[in-house]
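Each protein sequence line maps, in turn, to chains W and B. For the first sequence, the working numbering gives the first residue as 664, with consecutive numbering after it. For the second sequence, the working numbering gives the first residue as 664, with consecutive numbering after it. Heads up, the beta-carbon is just placed ideally off N, CA and C, and yes, glycines get one too. Some notes on the structure that comes next.
2 protein chains.
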Amino acid sequence: MSKETLLPKLAAHVLEHGLGGASLRPLAKAAQTSDRMLLYHFGNKETLIRELLAYIAGVYSAALDMALRDTRPLTRQECFDRVLAQGKQPMMQPFMVLWWEIVAGSARGLPGYAEAAEEMITKQLDWLQSQMPEDDPDPAGGARYLLTLLEGTLMLGVIGHADTAREGLLASNMAED
Amino acid sequence: MSKETLLPKLAAHVLEHGLGGASLRPLAKAAQTSDRMLLYHFGNKETLIRELLAYIAGVYSAALDMALRDTRPLTRQECFDRVLAQGKQPMMQPFMVLWWEIVAGSARGLPGYAEAAEEMITKQLDWLQSQMPEDDPDPAGGARYLLTLLEGTLMLGVIGHADTAREGLLASNMAED
DNA sequence: AGAGTCATGTAGCAACCGCTACATATACGG
DNA sequence: CCGTATATGTAGCGGTTGCTACATGACTCT
C-alpha cells in the first residue's frame, strides 16, 4: 500500500478525530496498516502530519471547486450569504472543525500547519473572488473584506456566538434577514 | 499550597506551552508541586483543565479591564484601530495564541473549552461596546459588527495573511492607512 | 493524650507514545 | 538461479501518560 492510497484514509481519520490526539497506532488502524508501515512510508510522524495536512488542503480545494455555482450573485450581500451557507453545509463541517485546529497550530508554530493554513485560506480567497458580483467595483478588495467578515462570522458561530455575528452583520446591512 | 496559589503558575505554563501538550507532570513542575498534588486538589485532569480555563478567562477579563482608556474614540474606525492595536500588544500575544487553541477545542467539543470561549468573547464584546464612540447610532450592533471584523482580522493575521485582512479593511474604509 | 482530618511524599501500575532492530517474504534484473 | 531492492510482520525499547495505593507528617478537636 502506497502513500497515495494511505493518505485518504488517514485524512478521513483526522477529519473525524482531530489532529491533536492523532497518534501513529490509531492512524495505522484506520488505514488498515501498522505504525511500522506509516513510518516506513513517511519517515517520521512530523513529516506524516505535514504531508497529511498538505493532502487535506488539496482535498479542501477540490471540494471548493466542486461547489462553484454557474450563476454569479448580484450583490456582495448575496455573495456573502452564499459562501456562508456553503461553509455551514454538513459536508463541510469536519473541515470547519479541523480548520480551527490548523489555525491554532499555525499560531503556535507547529510544523506544517502554517503551510496548510496558507493554502486553504488562499484557495478560499480565490474562490470567494470568483464568486463576487460581475459588476463589483473592487472584486479583489471586496473579496478580502468579505473573507475577513466571513472568518469572523464562522469563528463566532463555532463558539456558540452565531447570534452575535448575525446581529453585527444586521447592523452593517450584511445579514440575510 | 492551595488551588488559588497553584492556578496562576499553571496558567503561566499553559500560556507559554499551550493546552494541547499539557500533561500533569510538566504542569506540576511548573507549579513546584507533584502530579500527585494536582490530582489531590482537582480530582482529575479534566476538571483541572476546566478550572484552569475558567481562571485564564478571568485573567483575560481583568487584563481587558486594565486596558480601558479614559478617552472615547470619535469614530468606529478609530475604535477598531484601538482594539486591534490592543490585541497586537506583546503582552496579549500569549493570550492570542491560546485563544485559537480554545476556539479549536470548543469546535471539537472538548470539555470546558466552550465555556471559556464564551466568557472571553463576551468580555471582549462588552469591552468593545464600552469603547464605541459616544455618538454612535447603534453601539450594540456596531460593537458586534466590529467584533466580527476584528476576529476575522486577528485570525488572518495569525496565519500570516495580515495583508489580506488589511487590504479588505482598506476596501471597506476600515483600515488605518 | 488520643483520634481524626488534611497535606504531602514515594512507588508503582497499565496503557500508550514514537521509533528501531531484526527477520522475512516477494518480486525483479543479471 | 541468484542477488538485491522493496515491502511487511514481530518484538521490543525507553520514555510518558493519567491515576492510585500506601505511608507519614502536621495539625486540630475533644
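Contact defined as beta carbons within less than 8 Å: I believe residue i pairs with residue j. What is the distance between those atoms, to the nearest angstrom?
{"i": "G805/W", "j": "D799/W", "result": "5 Å"}
{"i": "M783/W", "j": "Y723/W", "result": "5 Å"}
{"i": "L812/B", "j": "L812/W", "result": "6 Å"}
{"i": "A779/B", "j": "Q749/B", "result": "Rounded, the Cβ-Cβ distance is 20 Å, inconsistent with contact."}
{"i": "E667/W", "j": "G815/B", "result": "About 35 Å separates the two Cβ atoms, so there is no contact after all."}
{"i": "H704/W", "j": "L669/W", "result": "7 Å"}
{"i": "V766/B", "j": "V677/W", "result": "No, V766/B and V677/W are not in contact; Cβ-Cβ is about 18 Å, not under 8 Å."}
{"i": "W790/B", "j": "L716/B", "result": "About 19 Å; that fails the 8 Å criterion."}
{"i": "R735/B", "j": "G831/W", "result": "Between G831/W and R735/B the Cβ distance is about 20 Å, and since that is not below 8 Å, they are no contact."}
{"i": "Q810/B", "j": "Q787/B", "result": "Sequence check: residue 810/B is Leu here, not Gln. The Cβ separation is near 7 Å, so the contact holds."}
Mind pulling the chain B residues with CB within less than 9 Å of residue i?
{"i": "E830/W", "result": "A803, G804, R807, Y808"}
Taking residue i as the query, report the chain W residues whose CB atoms sit under 9 Å from its CB, ordered along the chain.
{"i": "L791/B", "result": "Near L791/B there are no residues of chain W at all, since even the closest Cβ is about 10 Å away, more than 9 Å."}
{"i": "E781/B", "result": "I822, G823, H824"}
{"i": "G775/B", "result": "Chain W residues near G775/B: none, gap ~13 Å exceeds 9 Å."}
Identify the contact partners of residue i in chain B, using a Cβ-Cβ distance below 8 Å as the criterion.
{"i": "V766/W", "result": "W763, V766, A767, M818, V821, I822"}
At 8 Å on the CB atoms, spell out the chain W contacts of residue i, in chain order.
{"i": "L813/B", "result": "G815"}
{"i": "I784/B", "result": "L819, I822, H824, T827"}
{"i": "M759/B", "result": "A770"}
Can you name the residues of chain B whose CB is closer than 7 Å to the CB of residue i?
{"i": "G750/W", "result": "Chain B residues near G750/W: none, gap ~13 Å exceeds 7 Å."}
{"i": "L788/W", "result": "T827"}
{"i": "G681/W", "result": "R771"}
List, in order along the chain, the chain W residues whose C-beta lies closer than 7 Å to that of residue i?
{"i": "S835/B", "result": "Y808"}
### Query
Using 8 Å as the Cβ pair cut-off and three pairs as the minimum, do the stretch 750-769 of chain W and the stretch 670-684 of chain W touch?
yes
### Task
Write down every uninterrupted run of the alpha helix (DSSP H) in the stretch 726-751 of chain B whose length is 4 residues or greater and which is fully enclosed by it, in chain order.
739-751
### Message
Taking 8 Å as the cut-off, does the stretch 741-760 of chain B touch the stretch 697-704 of chain B (at least 3 CB pairs, one atom from each stretch)?
### Response
no
### Query
Any chance the stretch 769-780 of chain B sits against the stretch 706-715 of chain B, with 3 or more Cβ pairs inside 8 Å?
yes
### Task
Spell out a yes or no on whether the stretch 788-795 of chain W and the stretch 732-740 of chain W are touching, meaning 3 or more CB-CB pairs, one atom from each, closer than 8 Å.
yes
### At least three beta-carbon pairs within less than 8 Å, the stretch 820-829 of chain W to the stretch 684-692 of chain B
no
### Message
Which complete alpha helix (DSSP H) runs does the stretch 676-717 of chain W hold, if anything under 4 residues is left out?
### Response
687-693, 698-705
### Query
For the stretch 763-818 of chain W, which segments carrying the alpha helix (DSSP H) assignment without a break, of at least 4 residues, lie completely within its bounds, in sequence order?
776-793
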